[in-house]
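Chemist: Number 203 in our numbering belongs to position 42 of the sequence shown; there are no gaps in the numbering.
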Amino acid sequence: MIPVILSGGSGSRLWPLSRQLNPKQFLSLIDTNLSLLQATIQRLDGLEIQSPRLICNEEHRFLAAEQLRKLGMESANILLEPVGRNTAPAVALAALQATVEGQDPMLLILPADHTIKDIDAFQEAIKVALALAMEGKLVTFAIVPTYPETGYGYIEKGDEIGGGFRVNRFVEKPDLATAQEYVLTKNFFWNSGMFLFRASRYLEELQKFRPDILSACIEALGNGSQDLNFTRVDRALFSACPEDSIDYAVMEKTADAVMVPMNAGWSDIGSWSALADAFAKDADGNVLKGDVFAENTSNTYVHANSRLIATIGVEGLVIVETNDAILVARKDQVQDVKKVVERLKQSDRHEYSNHREVYRPWGMYDSIDKGTRYQVKRITVQPGAKLSVQMHHHRAEHWIVVSGTAKVTNGEKTYLVSENQSTYIPIGQVHALENPGVIPLELIEVQSGSYLGENDIVRFEDKYGRA
């Protein structure tokens, strides 16, 4: 059994914490030590599985690789999507990749941004589903509903089969009255988006119902390439692939769809109100994260990321603060956060895509200050990491080492810069920065010049394939 972790979402409903270039699956929203992606992988401990395969957007590749590295999974395969085409093509790529390698494994399809509280119940449902999948069934995991949710699709169960049930039908997101009826009948379950089936069975059904998707994926993978642990598919061919979900493309059409109920404290963390429900509330019904003073406040979620938040006389709100944006919303309107994100995108605001902190394969930088003809960044370089050998046409850089030791290439010279020392890189000078030590290197970079954009970089060499 190979877990296939789907990690291509944007998580726009959890803005301002979740951003285009650092979406929710890479954030530590529940467990302070693990991102949602890392928690998804860790809850598989104890199952007989091969190394998980991750499918993610190409622009998240180094972020994903670093999170896997922290779990000791440096060699795990990461399949890169140049563009998003929904779950049916993504899983087709994973299934094709497995069969090309001469295997025909069971594929356990798991979104990277779900939370599950009862790991034992989760793993027990997988064992039940595995027996059904070995008989050629395509299994979906159906969540026992705890309230009439209108934001999820539903599955109606049919006759019992091997510890699960045949799927009578899939139902679109209902209105409140219909959802209330579904919960009362106890025949309807939330559609989780988790699946288990043999790779060849999925490909057979995809060939039957959506041969256009399958042929596009075959061509895109066949014309792809391997780059370190990254599998790249052909951008043009995959961009031409039709978009569709597993549900629409296969599960709603196949005669072999079965469901296994799961009652494991599941949530897809699809909104701020859903995230708030994942935590225990205080006596006033509040969830307070970070440096928060709440006075006469009730039924409110407050997340302070970088400064103190004080609330007085408020009720039923979501308040989320980062170092470059603040969200204040009524709990019953948090689904509209995506409208704000769309406006930010249309306005070409950086808050749509990036935090002040930006992650790179070598570490990260925090844009501390910016003005006319200058910019200040705090740069962290991981042990053994090296920035590309590069040059800038329009800016000079001053580096002041705060902690650790920097190995600097400055034109023809290479030298070490220690704590409390500094160096200067003139405009047009070929240069590189490296951390030769065993602790993170931290430095302050002061840029000055007529243009300070990130695209003023000419790379000559790069260990991460960006030159």
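Ideal Cβ positions, reconstructed from N, Cα and C, are used throughout, including at glycine. All figures in this text were calculated on a predicted structure; none of them were measured in a lab.
Alpha carbon to alpha carbon, how far is T301 from G233?
Modeler: So the alpha carbons of these two residues sit roughly 30 angstroms apart.
Chemist: Taking the C-alpha atoms as reference points, what is the distance between D452 and E603?
Modeler: So the two alpha carbons sit approximately 25 angstroms from each other.
Chemist: Can you tell me whether F187 is helix, strand or coil according to DSSP?
Modeler: It is helical.
Chemist: Give me whichever residues DSSP pairs with N390 in a beta bridge.
Modeler: N390 pairs with nothing; no bridge assigned.
Chemist: Within a Cβ cutoff of 6 angstroms, which residues of the same chain sit near V607, ignoring the five residues on either side of it in sequence?
Modeler: Closer than 6 angstroms at Cβ, skipping near neighbours: V537, H559.
Chemist: Can you have a look at D373 and say buried or exposed, based on whether 16 or more other CB atoms are within 10 angstroms of its CB?
Modeler: It is exposed - the Cβ of D373 has fewer than 16 other Cβ atoms within 10 Å.
Chemist: How would you call G385, buried or exposed, if buried means at least 16 neighbouring beta carbons within 10 angstroms?
Modeler: Buried.
Chemist: Hey, would you say V501 sits closer than 8 angstroms to V479, going by beta carbons?
Modeler: It is not a contact, given that the beta carbons lie outside the stated cut-off.
Chemist: Compare the beta carbon distance of R627 and S549 with 8 angstroms and say whether it is the shorter of the two.
Modeler: Result yes, Cβ atoms of R627 and S549 sit closer than 8 angstroms.
Chemist: Taking DSSP's pairing of strands, which residues face H559 in a bridge?
Modeler: Paired residue(s): Y585, V607.
Chemist: Which runs of the alpha helix (DSSP H) at least 4 residues long sit entirely within the stretch 408-450? Give them in chain order.
Modeler: Within the stretch 408-450, the complete alpha helix (DSSP H) runs of at least 4 residues are 433-438.
Chemist: Would you kindly work out how many angstroms separate the C-alpha atoms of A461 and V475, rounded to a whole number?
Modeler: Here residue 461 is Thr; the residue named in the question, Ala, does not match the sequence. Each residue's Cα considered, the two are about 8 angstroms apart.
Chemist: So is K574 buried or exposed if we call it buried at 16+ other beta carbons inside 10 Å?
Modeler: Answer is exposed; the Cβ neighbour count stays below 16.
Chemist: To the nearest angstrom, how far is it from the Cα of L375 to the Cα of E209?
Modeler: C-alpha separation (whole angstroms): 29 angstroms.
Chemist: Measuring alpha carbon to alpha carbon, tell me which residue in F356, T193, P403 is nearest V653.
Modeler: There is no way to answer for residue 653, as the model of the chain reaches only from 162 to 628.
Chemist: What are the boundary residues of the alpha helix (DSSP H) that Q482 is part of?
Modeler: For clarity, residue 482 is Glu in the given sequence; the question names Gln instead. It is not in any alpha helix (DSSP H) - E482 instead sits in the beta strand (DSSP E) that spans 478-482.
Chemist: With three or more C-beta pairs closer than 8 angstroms as the rule, is the stretch 226-243 touching the stretch 353-369?
Modeler: The stretch 353-369 vs the stretch 226-243: no contact.
Chemist: Classify Y363 as helix, strand or coil using the three-state DSSP reduction.
Modeler: It is helical.
Chemist: Count Cβ pairs between the stretch 396-404 and the stretch 433-444 that sit closer than 8 angstroms; are there 3 or more?
Modeler: No: fewer than three Cβ pairs fall under 8 angstroms.
Chemist: Leaving out the 5 sequence neighbours to the left and right, which residues in its chain are closer than 7 angstroms to S609 when beta-carbon positions are compared?
Modeler: If we look at S609 and ignore the five residues flanking it on each side, its Cβ neighbours are R534, Y535, R556, A557.
Chemist: Leaving out five residues before and five after P335 in sequence, what residues of the same chain have Cβ atoms less than 7 angstroms from its Cβ?
Modeler: Excluding positions up to five away in sequence, the list reads T311, Y315, Y343.
Chemist: For the beta strand (DSSP E) containing V463, list its first residue and its last residue.
Modeler: From DSSP, the beta strand (DSSP E) with V463 extends over 462-465.
Chemist: Of all the options P601, E456, L367, which has the alpha carbon lying nearest to the alpha carbon of K414?
Modeler: Out of P601, E456, L367, L367 has the C-alpha closest to the C-alpha of K414.
Chemist: Taking C-beta to C-beta, are K506 and R174 nearer than 8 angstroms?
Modeler: No.
Chemist: Locate the beta strand (DSSP E) running through C402, then write down its first and last residues.
Modeler: Neither: C402 is in no beta strand (DSSP E) and is coded neither H nor E.
Chemist: In angstroms, rounded to a whole number, what distance separates the CA positions of N183 and V591?
Modeler: Going from the Cα of N183 to the Cα of V591 covers about 30 angstroms.
Chemist: Taking the beta carbon of K318 as the centre, do at least 16 other beta carbons fall within 10 Å, making it buried, or is it exposed?
Modeler: Buried, since its Cβ has 16 or more Cβ neighbours within 10 Å.
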